[in-house]
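Reviewing the structure listed below.
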Amino acid sequence: MNAYEIVLKSREKGRPTALRYISEIVEDFIELHGDRRFSDDRAIVGGVGRIFGMPVTVIGVEKGSDTHEKIEHNFGCAHPEGYRKAVRLMKQAEKFHRPVLCFVDTSGAYCGIGAEERGQSEAIAMSILDMIRLKTPTLSVIIGEGGSGGALGLSAADEVWITETSTYSVISPEGCASILWKDSGKVAEASECLKLTANDLLELGAVERVLPEEEFSEEFFASLKEQIFEFFKKQKNEDEDALIEKRYERFRKF
Amino acid sequence: MFDIKKFFFKKPKNELEGSEGEEKKQEHKDAAIPEKLAEKCEKCGKIVLADEFKAEFGVCPKCGHYRKISARDRIAMCAETFEELFADEESKNPLDFPGYTEKLQSLREKTGEKDGVICGTATIGGVKCAVFSMDYRFMMGSMGHTVGEKITKIFEYATEEKLPVVGFVLSGGARMQEGILSLMQMAKTSAAVAKHSEAGLLYISVLTDPTTGGVSASFAFEADIIMAEKGALIGFAGPRVIEQTIRQTLPQGFQRAEFILEKGFADIIVERKDMKDTLSDLLRLHSAEVNA
């Protein structure tokens, strides 16, 4: 597959969304709602549950599967209150020494009047800052689109993993082609140039693991669950200050 | 230390905008302006003595239009002394992005700067501080590796030296040509801001026109005190992108500094002429030496 084919694949209808990952990987999931400031943003779902019995906080950007769900979840484009809910749940996880697991799948944070009025920039900025200094293990898994700042807001983690036909990029290839070359027809070229595929990202050090998708079979989810559990077990043995220092170095190298 | 007279407005820019501008353009078409003596305001098209522009810090005395000013002019306007740090940092083309190497090269020649941010130590109102200042002439202050690296370094330096940071922000966002590496700068700079803050040190960001995209969604909005320059465009998505997305015309004043303040996302709006005094007051208020 070339880069543009991967871009299309990452957005494909029928691809498992965050809620599917949560239901396959997290036991006894209880959804927790709201940012305690303004509202409950349905583009970001979060809550508590267990992985092989280990308590975790899980947060996911949910795109929705059918039309009705897509509208309910605003196509996975979060407003500021979504990021503020995520930060609230992360801080809660820190308080109770639970690891934080994020599933990222968004074309980007929502851009609209309400989002600007309620401080989309500030919400994402503080989500990055708070997450990167969180004194508990964190892991982000990109499961579709990793769209720019909206994805980074939930990806300032100890490690970032990505499934093999997902992408992570500073801008959509469409945006890049139209801004830089004033030619929205050059999407395929922009997809290549941006180095946004899983393998490119691994080479650049932006992700630690590329997860073979195996057509999202039972084995895929079982293996991912195993890997997440092992990762958190290892991270929980680390001293909390060492954890954030390592995280600092992870991002410092760029 | 920079001589304000030497650094202000070396090259007059005679761009005019809008229909009113077109008219004025005709009117003033044949006016020959000896370089450096007088300049045309790019907003109202009127001729202004260079000295007047200088005295007003780049604000047109006829129409009140705020010109963008270079990173060094901004520092010269606000600081009594300035010593540059990390001046050797220079961007490469890490993704071999087509045309980027040439673009960097031509901008370096045109501006005499290596990239879009200047860092160093300064005294403002007698208080020693670390400063960064972003430059519109270098791809509208977009953030790639060099911009992110220098801003990270200045925060690390300030943490080490126990200095407050004053940041003059101006940026269209992350730099596309460095792809994911640009996005990572948002996380890298945020972590450095956090460490500086955890050390109990002051960070004042001054958001100038424009402050958008990945820069607004990182260090711009992570300051203890957020100042916005009068009239500046400040937001996450640019107004054109929002209009295209929601297919609506945006209300008057949307995403301007006054709107940002009203919505609760800036502490204070400052006019350019008052910027040095306001910064001085705030720095002095937080200075252990001054208050001892």
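Sequence order for the protein chains is A and B. The first sequence begins at 3 in my numbering and counts up one residue at a time. The second sequence begins at 5 in my numbering and counts up one residue at a time. All residues carry an ideal CB built from backbone N, CA and C; glycine is no exception. Since the model is a prediction, treat every value here as computed from it, not as a measurement.
Less than 8 Å between CB atoms is the rule here; does residue 128/A satisfy it with respect to chain B?
yes
Quick one: is residue 6/A near chain B, going by C-beta distance under 8 Å?
no
Per-residue burial, residue 30/A [other beta carbons within 10 Å of its own, 16 or more giving buried]:
exposed
Near residue 173/B, what residues of its chain come up, given a Cβ to Cβ distance below 7 Å and the 5 sequence neighbours on each side ignored?
138, 209, 210, 211, 212, 215, 219 and 224
Short CB-CB distance (under 8 Å) between residue 249/B and chain A:
yes
Within a Cβ cutoff of 7 Å, which residues of the same chain sit near residue 27/A, ignoring the five residues on either side of it in sequence?
53, 223, 226, 227 and 230
Drop a sphere of 10 angstroms on the beta-carbon of residue 177/B, count the other beta-carbons inside from all chains shown, and report buried for 16 or more, exposed for fewer.
buried
Buried or exposed: which applies to residue 169/B, given that a residue is buried once 16 or more other Cβ atoms fall within 10 Å of its Cβ?
buried
Residue 44/B: first and last residue of the uninterrupted beta strand (DSSP E) it sits in
42-44
Can you tell me whether DSSP reads residue 120/A as helix, strand or coil?
coil
Any beta-carbon of chain B closer than 8 Å to the one on residue 256/A?
yes
Minimum C-alpha distance to residue 145/A - residue among 179/A, 236/A and 108/A:
108/A
Rank 128/A, 80/A and 164/A by C-alpha distance to the C-alpha of residue 8/A and give the top, closest one.
164/A
Runs of alpha helix (DSSP H) wholly within the region 76-133 of chain A (minimum 4 residues, chain order):
82-97 and 115-119
Relative to the C-alpha of residue 226/B, which candidate in 127/A, 76/A and 41/A has its C-alpha closest?
127/A
Pull up the distance between the alpha-carbon of residue 140/A and that of residue 102/A, whole angstroms please.
5 Å
Return helix, strand or coil for residue 194/B, following the three-state DSSP convention.
helix
Member of 116/A, 129/A and 195/A whose CA lies at the smallest distance from the CA of residue 252/B
116/A
Verify whether the separation of the beta carbon atoms of residue 232/B and residue 283/B is less than 8 Å.
no
Residue nearest to residue 99/B in terms of C-alpha spacing, selected from 185/B, 281/B and 262/B
185/B
What residues in the region 93-114 of chain B bring their beta carbon closer than 9 Å to a beta carbon of chain A?
98, 99, 100, 101, 102 and 103
According to DSSP, simplified to helix, strand and coil, what is residue 170/A?
strand
Please check if any C-beta of chain A sits within less than 8 Å of the C-beta of residue 185/B.
yes
Kindly identify the DSSP beta-bridge partner or partners of residue 144/A.
106/A and 164/A
Could you tell me whether the region 83-102 of chain A touches the region 46-62 of chain A, using the rule of 3 or more Cβ pairs below 8 Å?
yes
With a threshold of 8 Å on Cβ separation, who are the neighbours of residue 188/B within its own chain once the five nearest residues in sequence on each side are excluded?
152
Measuring straight from C-alpha to C-alpha, what distance separates residue 6/B and residue 83/B?
With a pLDDT of 48 at residue 6/B, under the threshold of 50, the predicted position of this residue should be treated as unreliable, though the coordinate-derived value follows. Going from the Cα of residue 6/B to the Cα of residue 83/B covers about 9 Å.
Determine which residues share a DSSP beta bridge with residue 132/B and list them.
127/B
When the cut-off is 8 Å and only beta carbons count, does residue 197/A lie next to chain B?
yes
Looking only at its chain, what residues have a beta carbon closer than 7 Å to the beta carbon of residue 86/A, apart from the 5 residues adjacent to it on each side?
37, 39 and 125
Give a yes or no on whether the minimum CB-CB distance between residue 258/A and chain B is below 8 Å.
Coverage of chain A is limited to positions 3 through 256, which leaves residue 258/A absent and any answer about it impossible.
Cut-off 6 Å between Cβ atoms - residues of its own chain near residue 97/B, not counting five sequence neighbours on either side
104 and 105
Distance, residue 201/A Cα to residue 235/A Cα:
26 Å
Got a sec: is the Cβ-Cβ distance from residue 262/B to anything in chain A below 8 Å?
no
Compare the Cα-Cα distances from residue 55/B to each of 65/B, 112/B, 47/B and 268/B and report the closest residue.
65/B
Taking the Cβ atom as the reference point for each residue, do residue 84/A and residue 43/A lie within a distance shorter than 8 Å?
yes
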